[in-house]
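Undergrad: Take a look at the following structure, please.
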Amino acid sequence: MSFFKNRSPRSQRPRLSGMEGLEDRKMMAGDGMAAMDHPLPTLDPPVLIDPPVVIGPVIDFPDLGGILNPVPSDKFVGTWENINSLTGGITKIQITKTNGEYEIAAWGACVPNDCVWGKVDLETLGTSVTDKTHEFAIGNWDAGFKDATITLEVDGKDLIANLYNVFKDESGREAYHQQMRLTDSGQLIEVEELGNNHLENVLLGDWVAANPDTRGIAELDISQQGDEISVQGFGACTPTACDWGDASMNLVGSTISDTSAEYTTTNWDFGFKTTFMTTRLDGGDLVVETYNVFKDGSGRENYRSEERLWKFGDSNHDGMFTTSDIVHAFVAGEYEDGITGNSTWEEGDWNRDGDFDTADLVAAFQHGGFDIGPIAPSSPRFEFDPNDFVLIPRDEIGPLPPGPIQPFAVDDIMAEDQLIGGIRPRG
285 MSFFKNRSPR SQRPRLSGME GLEDRKMMAG DGMAAMDHPL PTLDPPVLID PPVVIGPVID
345 FPDLGGILNP VPSDKFVGTW ENINSLTGGI TKIQITKTNG EYEIAAWGAC VPNDCVWGKV
405 DLETLGTSVT DKTHEFAIGN WDAGFKDATI TLEVDGKDLI ANLYNVFKDE SGREAYHQQM
465 RLTDSGQLIE VEELGNNHLE NVLLGDWVAA NPDTRGIAEL DISQQGDEIS VQGFGACTPT
525 ACDWGDASMN LVGSTISDTS AEYTTTNWDF GFKTTFMTTR LDGGDLVVET YNVFKDGSGR
585 ENYRSEERLW KFGDSNHDGM FTTSDIVHAF VAGEYEDGIT GNSTWEEGDW NRDGDFDTAD
645 LVAAFQHGGF DIGPIAPSSP RFEFDPNDFV LIPRDEIGPL PPGPIQPFAV DDIMAEDQLI
705 GGIRPRG
């Protein structure tokens, strides 16, 4: 049954709590989550990123007593070292398991020793609340000045790691994403970002699940107030969608200076579980991943889900609702044609009742996404200008350079998060 039919006003939709939401009630109902229709795209052959190293605090490189190579019997446990000796990012990742609990540790490129991120819990996830195979994982480092969330996915004998770095210190650095392949031979290979999706151009508006019978996210309403981007999520419930409430949405680029958005991240804490959500653009589809970790001791399995969402009214699937979509729908010739149930989304059936009629046009305009335009630029703030700094080749670094270092040029930890890899102020 589609939740879109006979929808109630948002103010009347139930708030998500306890066991509410189809995606979190399957143990009670006894059914499993439907298989994902849209797997993650196959990665192109990895391309090494090759920035110089950054200057950072001197920290001893500890021995965590881990395993030198991934263990075949456990898809997550192992140690992976970056094959790019000049990386400005993560140099090493290590995952251990003790008494059934996973921990992940990471190191970042600093001079003369790598910066230690430390160990944090790593939660593994399946694809439903009853799936015990767990081929996904998630961990988070809260460094004070930034949050770094890592997600992992089993890919054959390898792991695909996605790292989302979101700054909280008002330094002007942009949130950014990194992707890495952790190979079965213990190598960490950085994958180059293409950086051409420009999610900020189409993000605002109301997005609904392409699958009307989804058990996961049914709708995301994304809006902007000043510099803040917020999202209101709705989960698939019956007879009306469960309201997840509003949360802040972070725009995430491909580098620390990238003001465009390739991804977004959002966190919800419902008490009984936490949800980390990412979005990215694939054509005109908004691809939404959620990582759901339970905290209530209910016995439900943590799970990861993926949905494709369409912007309300976007019949030609370009990510926007404009006059072109209305024309596209009318060209199909099914507007109030008297034939019951013969229309698709592309033919104007936006309220999912099977027909294209006045109700669809009213619903589309009520969702407020018509010609909404891109996200407005944020207010002026400190700009991190690479022209104010000088690259220092790795083999010439030695001791810290003379002269004062700008406060933002060296972090207390994770010093690899600078705009350029070995830097010092000009002059």
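The C-terminal position of the sequence shown is numbered 711 in our numbering, with every residue numbered one higher than the one before it.
Virtual Cβ for every residue (Gly too), placed ideally from N, Cα, C.
Suppose the cutoff is 8 Å on Cβ atoms and the five residues either side in sequence are ignored; what does the same chain contact list for E631 look like?
TA: Numbered from 1 along the sequence shown, position 347 holds the residue referred to as residue 631. Hits under 8 Å: S599, A613, A616, E618, F640.
Undergrad: Just the C-alpha distance for A647 and D566, rounded to the nearest angstrom, thanks.
TA: Along the sequence shown, read from residue 1 onward, the residue named residue 647 stands at position 363. Along the sequence shown, read from residue 1 onward, the residue named residue 566 stands at position 282. Each residue's Cα considered, the two are about 25 Å apart.
Undergrad: Just curious, the alpha helix (DSSP H) that T642 is in, first and last residue?
TA: Translated into the one-based positions of the sequence shown, residue 642 becomes position 358. Per DSSP, T642 belongs to the alpha helix (DSSP H) from 642–650.
Undergrad: Classify W629 as helix, strand or coil using the three-state DSSP reduction.
TA: Taking the sequence shown and counting its residues from 1, one reaches residue 629 at position 345. It is helical.
Undergrad: Sort out for me which residues DSSP pairs W425 with in a bridge.
TA: Your numbering for residue 425 matches position 141 in the sequence shown. Looking at the DSSP assignment, W425 forms a beta bridge with A432.
Undergrad: Can you look up V486 in the DSSP assignment and give me helix, strand or coil?
TA: As a position in the sequence shown, residue 486 is number 202, starting the count at 1. Of the three classes helix, strand and coil, the one that applies to V486 here is coil, per DSSP.
Undergrad: Would you call the stretch 534–546 in contact with the stretch 480–491, where contact means no fewer than 3 C-beta pairs closer than 8 Å?
TA: Segments in contact, yes.
Undergrad: Could you name the residues of the same chain whose beta carbon sits closer than 8 Å to that of W401, not counting the 5 residues immediately before and after it, in chain order?
TA: Taking the sequence shown and counting its residues from 1, one reaches residue 401 at position 117. A389, A390, W391, G392, W425, A427, A432, I697, M698, listed in sequence order.
Undergrad: Exposed or buried, what is D347 when buried is set at 16 or more other beta-carbons lying within 10 Å of its beta-carbon?
TA: The residue given as residue 347 occupies position 63 in the sequence shown. Note on D347: pLDDT 39, under 50, position unreliable in the model; no value is reported.
Undergrad: Residues in its own chain within less than 6 Å of Q259 by CB, not counting five upstream and five downstream?
TA: The question about residue 259 has no answer, for the chain in this structure spans 285 to 711.
Undergrad: Return yes when the Cβ of V413 is within less than 8 Å of the Cβ of R588, no when it is not.
TA: Position 304 of the sequence shown holds residue 588. Position 129 of the sequence shown holds residue 413. In this structure, V413 does not lie closer than 8 Å to R588 by Cβ.
Undergrad: Take the Cβ of P664 as the centre, count every other Cβ of all protein chains shown within 10 Å, and call the residue buried at 16 or more, exposed below.
TA: Here residue 664 refers to the residue found at position 380 of the sequence shown. Because P664 carries a pLDDT of 46, less than 50, the predicted location of this residue cannot be relied on, and the following value inherits that uncertainty. With fewer than 16 other Cβ atoms within 10 Å, it is exposed.
Undergrad: Is it buried or exposed for L570, if we count other Cβ within 10 angstroms and need 16 for buried?
TA: Along the sequence shown, read from residue 1 onward, the residue named residue 570 stands at position 286. L570 is buried by the Cβ-count criterion.
Undergrad: Let me make sure I understand the geometry here. Which of V404, T522, L487 has the alpha-carbon closest to that of S514?
TA: Here residue 514 is taken as the residue at index 230 of the sequence shown, counted from 1. Comparing Cα positions, the closest option is L487.
Undergrad: Within 10 angstroms of the Cβ of E591, are there 16 or more other Cβ atoms? Answer buried if so, exposed if not.
TA: As a first step, residue 591 must be located in the sequence shown, where it is residue number 307. It counts as buried.
Undergrad: Terminal residues of the continuous beta strand (DSSP E) containing S589?
TA: The residue you call residue 589 lines up with position 305 of the sequence shown. Unbroken beta strand (DSSP E) run through S589: 587–595.
Undergrad: When DSSP labels each residue in this structure, what does D612 get in the three-state scheme?
TA: If you number the sequence shown from 1, residue 612 lands on position 328. At residue 612 the sequence reads His, which differs from the Asp that was named. If DSSP states are grouped into helix, strand and coil, H612 belongs with the helices.
Undergrad: Let me confirm a value: N246 is counted as buried when at least 16 other C-beta atoms fall within 10 Å, else exposed. Which label applies?
TA: Examination of residue 246 is not possible in this model, given that the chain is present from 285 through 711 alone.
Undergrad: Between I367, T524, K403, T375, which has its C-alpha nearest C394's C-alpha?
TA: Within the sequence shown, numbered from 1, the residue matching residue 394 stands at position 110. Of the listed residues, the one whose Cα sits closest to C394 is T375.
Undergrad: Can you tell which of F451, V438, V450, G489 has its C-alpha closest to the C-alpha of D468?
TA: As a first step, residue 468 is located in the sequence shown; it is residue number 184 there, counting from the start. Ranking F451, V438, V450, G489 by Cα distance to D468 puts V438 first.
Undergrad: Taking the alpha carbon of G638 as the point to measure from, which residue in K416, F649, H651, G622 has its own alpha carbon closest?
TA: Position 354 of the sequence shown, counted from the first residue, corresponds to residue 638. Of K416, F649, H651, G622, the residue nearest in Cα terms is G622.
Undergrad: Just checking my contact of W634 with F596 at CB under 8 Å: how many whole Å lie between their CB atoms?
TA: Numbered from 1 along the sequence shown, position 350 holds the residue referred to as residue 634. Numbered from 1 along the sequence shown, position 312 holds the residue referred to as residue 596. Confirmed, Cβ separation roughly 6 Å.
Undergrad: Compute the beta-carbon to beta-carbon distance between E385 and Q471, rounded to the nearest angstrom, for a pair I have assumed lies under 8 Å.
TA: Position 101 of the sequence shown, counted from the first residue, corresponds to residue 385. Position 187 of the sequence shown, counted from the first residue, corresponds to residue 471. Not a contact, Cβ separation roughly 26 Å.
Undergrad: Assign T574 to one of two classes, buried (16 or more other C-beta atoms within 10 Å of its C-beta) or exposed (fewer than that).
TA: Walking along the sequence shown from the start, residue 574 turns up at place 290. Buried, by the Cβ-count rule.
Undergrad: Comparing C-alpha positions only, which one of N397, K359, D358, F360 sits nearest to S369?
TA: Working through the sequence shown from its first residue, we reach residue 369 at position 85. Checking every option, the nearest Cα to that of S369 belongs to N397.
Undergrad: Only counting the same chain, and skipping five residues up and downstream in sequence, which positions put a Cβ closer than 7 Å to that of L466?
TA: Within the sequence shown, residue 466 is the residue found at index 182, counting from 1. So the qualifying residues of the chain are W364, I377, D442, L443, A445, L472.
Undergrad: What does the Cβ neighbour count give for K416, buried or exposed, with the cut at 16 atoms within 10 Å?
TA: Mapped onto the sequence shown, residue 416 falls at position 132. Under this definition K416 is an exposed residue.
Undergrad: Using the Cβ count rule (16 or more neighbours within 10 Å means buried), how would you classify E620?
TA: For the purposes of this step, residue 620 is taken as residue 336 along the sequence shown, with counting starting at 1. Exposed: under 16 other Cβ atoms inside 10 Å.
Undergrad: What number of angstroms, rounded off, separates the C-alpha of G362 from the C-alpha of Q462?
TA: In the sequence shown, the residue the question calls residue 362 occupies position 78. In the sequence shown, the residue the question calls residue 462 occupies position 178. If I take the Cα positions, the gap works out to 20 Å.
Undergrad: What does I374 pair with, by DSSP beta-bridge criteria?
TA: Against the sequence shown, residue 374 aligns to sequence position 90. According to DSSP, which records beta bridges pairwise, I374 is partnered with G392.
Undergrad: Could you check what DSSP says for N495 in three-state terms: helix, strand or coil?
TA: Here residue 495 refers to the residue found at position 211 when the sequence shown is read from its first residue. In this structure, N495 counts as coil in the three-state DSSP scheme.
Undergrad: Check T539 in the structure and name its three-state DSSP category.
TA: To locate residue 539, count along the sequence shown from 1; it is residue 255. In this structure, T539 counts as coil in the three-state DSSP scheme.
Undergrad: Using DSSP with H/G/I as helix, E/B as strand and the rest coil, what is T606?
TA: Along the sequence shown, read from residue 1 onward, the residue named residue 606 stands at position 322. Three-state result, T606: coil.
Undergrad: Can you grab the Cα-Cα spacing for the pair T550 / M533, in whole Å?
TA: Residue 550 sits at position 266 when you count from the first residue of the sequence shown. Residue 533 sits at position 249 when you count from the first residue of the sequence shown. Taking the straight line joining both Cα atoms gives about 5 Å.
Undergrad: Put I481 into one of helix, strand or coil per three-state DSSP.
TA: Here the question's residue 481 lines up with position 197 in the sequence shown. Residue identity check: residue 481 is Asn in the sequence provided, not Ile. Coil.
Undergrad: Do you know how far the Cα of E407 is from the Cα of V611?
TA: Numbered from 1 along the sequence shown, position 327 holds the residue referred to as residue 611. Numbered from 1 along the sequence shown, position 123 holds the residue referred to as residue 407. Answer to the nearest angstrom: the Cα atoms are 48 Å apart.
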